[in-house]
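In what follows, a single structure is set out as structure tokens and then discussed.
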Amino acid sequence: DGGVHVYCLDTTDLPGNVVSVTNACADQSGTYVSFYVSDDYCVKYQGLKCGGTETACIVVCDDMGFCDTTWLHITVDETICSMESEKIVDTLIINFEGMWCLDTTELPGQIVAIENACPDQSGTSVDFELDGATWCVSGLAINPGTDTACIVLRDALGNTDTTFLCVTVIMPPVDYIYDTIQTGATRTWCPDMSQLAAMPVSITNACTAASGQSALFELDTMSYCVTGKGLAPGSDTACIVICDAYGVCDTTCLIVETVSGSPCTDQDIPLAADDEATTQKNTTVVIDVLANDQVSSCSPPVIYVLDPASGGIGPANGSAMVNNANQIEYTPDPGFCGTEPFEYVLCNAAGCDTASVLVTVECTSGNLIVFNAFSPNGDGTNDTFVIRNLEQYPENRLVIYNRWGEMVYQAENYQNDWDGSWKNKKVPDGTYFYLLEVDTNETTVEKLSGYLQIRR
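The working numbering numbers the first residue of the sequence shown as 8 and each following residue consecutively.
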């Protein structure tokens, strides 16, 4: 698992004082397992590679000439290797560089070397380079995909420490801009180009057929901005594609609602307030989000659900849509029980505001409520993964997996105390999958599963 394990030797069988501790069969290790001896007569060992067994022959001698030998046989299996420990997982946008500096405190001696023990697992998506002065690793994202580097640090005593660096390269994700203009008015939008590594060379509208009725869009090939003019009430879209000198393109979806009416020069920006709603498993709920919002009556408001692709936080376990009455209809995924957060954007001609909605989906067969989003940042609020009423069912089993299917947490009789860590290390922010089994009586086991979000 990349971690350092310790086995301390028993020296009480020697009549004298210990003067030396050596590994008499050092040639029998180093491929799958790294062994080294500390000053306190303990052997520290670390798995380097899956699927093998290696041996250390530790000979302890005293000042009277007596020696005692201990054989350590260590097996590194696939189960241990699949566990997430001493692993760095990151994402880069294509043609961008990243840098990761390794923890050098695990080794007792001075660091003298750094190497990549699995060079054949990289070079397709990421080009890694090692810095022997800073003990950092830099990587250039060259193609979409995932590459791995097995970075081995070695100290002056011959000890090694391995960190697995897994980097996924993605294309620039699609951005979204929502706005409202009035008929006859014009407005300019400049898409974010920070996800392009080179200078922009072209700008196009990839969905010209989706505009021209309610809004007319013009592209500026010098500033790479878009100017829109409101033509008639309705909604039009421009799919702005900006490409750089490397041939990489970034898309921004510009969705503009054109409204009619007076200029509304004194109109205020709407104020959207958070909402809560409750529904039963497999049941759609209609949420009147405007009921507690402050919106000017000068022009009709426009509502959009801010989905994850647009930078929102959900929904992850269902779907949400705006109906003709400007209400949001939330439908949970089949069998889902728990809490579901998502956000919506409220706009008028003066501007936009964002608010959140928290939907509680109750199980008809029980009263367990899974709060599937938490922020373990140490502020004392929402710092742990909570399942309400779970204390009523002490016979429960909880397992949490990351997006690669690797287990990052497990517990029996879960106490609502997982703080987003595994083996004393914080797991990355993101989406995880939970599986909860609850013994509701002597013969019935209820299973709940779904996704949860960690955002610090």
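C-beta: ideal position from N, C-alpha, C; glycine also.
All of these numbers come straight from a predicted model, not from anything done at the bench.
When DSSP builds the beta bridges, which residues end up paired with I95?
According to DSSP, I95 bridges with L172.
So, do the stretch 138–156 and the stretch 326–338 have three or more beta carbon pairs nearer to each other than 8 Å?
The stretch 138–156 is not in contact with the stretch 326–338.
Taking C-alpha atoms, which residue in Q287, G59, Q334 lies nearest to D300?
Out of Q287, G59, Q334, Q334 has the C-alpha closest to the C-alpha of D300.
May I have the straight-line CA-CA distance separating K432 from L313, to the nearest angstrom?
Between K432 and L313, the C-alpha separation is close to 32 Å.
Compute the beta-carbon to beta-carbon distance between V296 and N102, rounded to the nearest angstrom, for a pair I have assumed lies under 8 Å.
Contact flag wrong, Cβ pair sits at about 40 Å.
With a floor of 3 residues, list each beta strand (DSSP E) that falls wholly inside the stretch 267–355, ordered by position along the chain.
List check, beta strand (DSSP E) in window: 282–287, 292–294, 309–313, 325–329, 335–339, 345–355.
According to DSSP, is Q220 part of a helix, a strand, or is it coil?
The answer is coil: DSSP assigns Q220 none of H, G, I, E or B.
Could you give the first and the last residue of the continuous beta strand (DSSP E) run that contains S145?
143–148 is the extent of the beta strand (DSSP E) around S145.
How would you label A323, buried or exposed, when you count the other beta carbons within 10 angstroms and need 16 or more for buried?
The residue is buried, with at least 16 neighbouring Cβ atoms inside 10 Å.
Taking the beta carbon of V266 as the centre, do at least 16 other beta carbons fall within 10 Å, making it buried, or is it exposed?
Buried, since its Cβ has 16 or more Cβ neighbours within 10 Å.
Take V159 and list the residues in its own chain whose beta-carbon comes closer than 6 Å to its own, dropping the five residues that flank it on each side.
Closer than 6 Å at the Cβ level, and outside the excluded window around V159, lie E122, A124, T167, T169.
Return yes when the Cβ of V366 is within less than 7 Å of the Cβ of A279, no when it is not.
Result no, Cβ atoms of A279 and V366 do not sit closer than 7 Å.
In chain order, what residues of the same chain have a beta carbon less than 7 Å from the beta carbon of G457, not counting five sequence neighbours either side?
For G457, where only same-chain residues beyond five positions count, the Cβ hits under 7 Å are N324, F343, G345, V377, N379, Y441.
Spell out the partners DSSP gives C214 in its beta bridges.
Partner(s): none; C214 has no beta bridge.
Excluding five sequence neighbours on each side, which residues of the same chain lie with their C-beta closer than 6 Å to the C-beta of G23?
D69, D70, M71, listed in sequence order.
Between the C-alpha atoms of A357 and W107, what's the straight-line distance to the nearest angstrom?
A357 and W107: Cα-Cα distance of roughly 44 Å.
Mind checking which residues open and close the beta strand (DSSP E) that includes R404?
Unbroken beta strand (DSSP E) run through R404: 403–408.
In its own chain, which residues sit with a C-beta less than 7 Å from the C-beta of C64, not counting the 5 before and 5 after it?
If we look at C64 and ignore the five residues flanking it on each side, its Cβ neighbours are N30, A31, C32, T76, W78.
Since G4 contacts G105 with CB under 8 Å, what's their CB separation in whole angstroms?
This structure cannot settle anything about residue 4, because the visible part of the chain is limited to 8 through 463.
Mind checking which residues open and close the beta strand (DSSP E) that includes M414?
Start and end: 414–419.
Note down the Cα distance separating L203 from M178, rounded to an integer number of angstroms.
If you take the alpha carbons of L203 and M178, they lie about 9 Å apart.
Mind checking whether T175 and T82 have CB atoms under 7 Å apart?
No, they are not a contact pair.
In terms of residues, what are the limits of the beta strand (DSSP E) holding C250?
241–251 is the extent of the beta strand (DSSP E) around C250.
Please classify A33: does DSSP put it in a helix, a strand, or coil?
Reduced to three states, the DSSP call for A33 is helix.
Within 10 Å of its beta-carbon, does T259 have 16 or more other beta-carbons around it, so buried, or fewer, so exposed?
With 16 or more other Cβ atoms within 10 Å, it is buried.
Taking C-alpha atoms, which residue in T244, S303, E347 lies nearest to K288?
Comparing Cα-Cα distances from K288 to each of T244, S303, E347, the minimum goes to E347.
Roughly how many angstroms separate the alpha carbons of K51 and V67, rounded to a whole number?
Roughly 15 Å between the two C-alpha positions.
Measuring only the C-alpha atoms, how far is P401 from L455?
Cα-Cα distance, rounded: 15 Å.
List the residues that DSSP assigns as beta-bridge partners of A380.
DSSP output for A380 lists Q460 as bridge partner(s).
With distances taken from CA atoms, which of D34, I310, I118 is nearest W142?
Of the candidates D34, I310, I118, the one whose C-alpha sits nearest the C-alpha of W142 is I118.
On a Cα-Cα basis, can you pick out the residue from T290, V352, C250 that is closest to I320?
Of T290, V352, C250, the residue nearest in Cα terms is V352.
Can you tell which of A120, F73, Y183 has the C-alpha that lies nearest to the C-alpha of V248?
Cα-wise, what sits closest to V248 is Y183.
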